[in-house]
Amino acid sequence: MKVADAPRPGWYPDPVGGVRLRWWDGTDWSDDYRSRPSVGQLLLAEKAWQATQAAQRLTEPRLPPGAGGVSGLSHADTAEIISQVRQAARLEAERAADLFSQRARTATREIQPLITEYTSKILRWIRIGAVIVVVLLVGWILFQVIAQVSFFEWLGDRIDNLSD
Numbered sequence: 170m171k172v173a174d175a176p177r178p179g180w181y182p183d184p185v186g187g188v189r190l191r192w193w194d195g196t197d198w199s200d201d202y203r204s205r206p207s208v209g210q211l212l213l214a215e216k217a218w219q220a221t222q223a224a225q226r227l228t229e230p231r232l233p234p235g236a237g238g239v240s241g242l243s244h245a246d247t248a249e250i251i252s253q254v255r256q257a258a259r260l261e262a263e264r265a266a267d268l269f270s271q272r273a274r275t276a277t278r279e280i281q282p283l284i285t286e287y288t289s290k291i292l293r294w295i296r297i298g299a300v301i302v303v304v305l306l307v308g309w310i311l312f313q314v315i316a317q318v319s320f321f322e323w324l325g326d327r328i329d330n331l332s333d
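Going by the numbering used here, the first residue of the sequence shown is number 170, and it counts up by one from there.
Set out below in structure tokens:
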């Protein structure tokens with residue numbers, strides 16, 4: 170954006186953020202801040218602005234249609250300025266979106282998942298112990314089944330040997 174196209178000096182919302190207003194001197198932001206005006210102050214300023222606009226309309230010479238806008242710019246010049254402002258706004262929005270996504274990524278890397286806050290080492294060891302107990306129980310049951318089958322076969326062989 171050209172320096173000539175920059176906004177007029179005045180109080181604008183702080184570009185860094187927050188609820189304060191910051192002074193724009195026409196070329197750069199100053200270190201002067203102030204709070205936002207109240208609703209009553211805004212109404213008074215709106216009435217004063219309307220009064221000055223009405224006074225300007227009475228004193229301005231009327232231009233014939235097609236002779237240019239209020240500033241004397243042609244339609245092509247106005248369209249060019251509008252396209253430059255739109256392009257600058259798009260670039261600023263993309264920059265803000267990139268900055269936001271970058272900050273969001275760093276914030277998500279720093280945040281621990283909630284599940285780690287609610288689980289403890291004790292519960293983890295209890296789960297591991299439960300798995301070991303289940304494995305041992307299944308192994309014991311299999312051993313008992315095999316041992317009983319073997320025992321009954323051995324007992325049957327002994328009984329058969331006694332009768333012979």
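Just so you know, even glycine gets a beta-carbon here, dropped at the ideal spot from N, CA and C.
Pairwise C-alpha distance: residue j and residue i
i           : j           : result
residue 203 : residue 243 : 38 Å
residue 269 : residue 280 : 16 Å
residue 274 : residue 267 : 11 Å
residue 311 : residue 329 : 27 Å
residue 272 : residue 255 : 25 Å
residue 301 : residue 327 : 38 Å
residue 208 : residue 215 : 10 Å
residue 210 : residue 178 : 19 Å
residue 323 : residue 317 : 10 Å
residue 253 : residue 289 : 58 Å
residue 180 : residue 258 : 19 Å
residue 262 : residue 219 : 32 Å
residue 212 : residue 222 : 15 Å
residue 264 : residue 276 : 18 Å
residue 304 : residue 332 : 42 Å
residue 260 : residue 186 : 18 Å
Test item: CB-CB of residue i and residue j under 8 Å
i           : j           : result
residue 183 : residue 189 : yes
residue 193 : residue 176 : yes
residue 251 : residue 174 : no
Chain-order list of residues whose beta-carbon lies under 8 Å from that of residue i (same chain, five-residue window excluded)
i           : result
residue 201 : 191 and 192
residue 245 : none
Chain D within 8 Å of residue i, Cβ atoms only
i           : result
residue 210 : Absence of chain D from the displayed structure is noted, only one protein chain being present.
Neighbourhood of residue i by C-beta distance below 6 Å, restricted to the same chain and skipping five residues each side
i           : result
residue 224 : none
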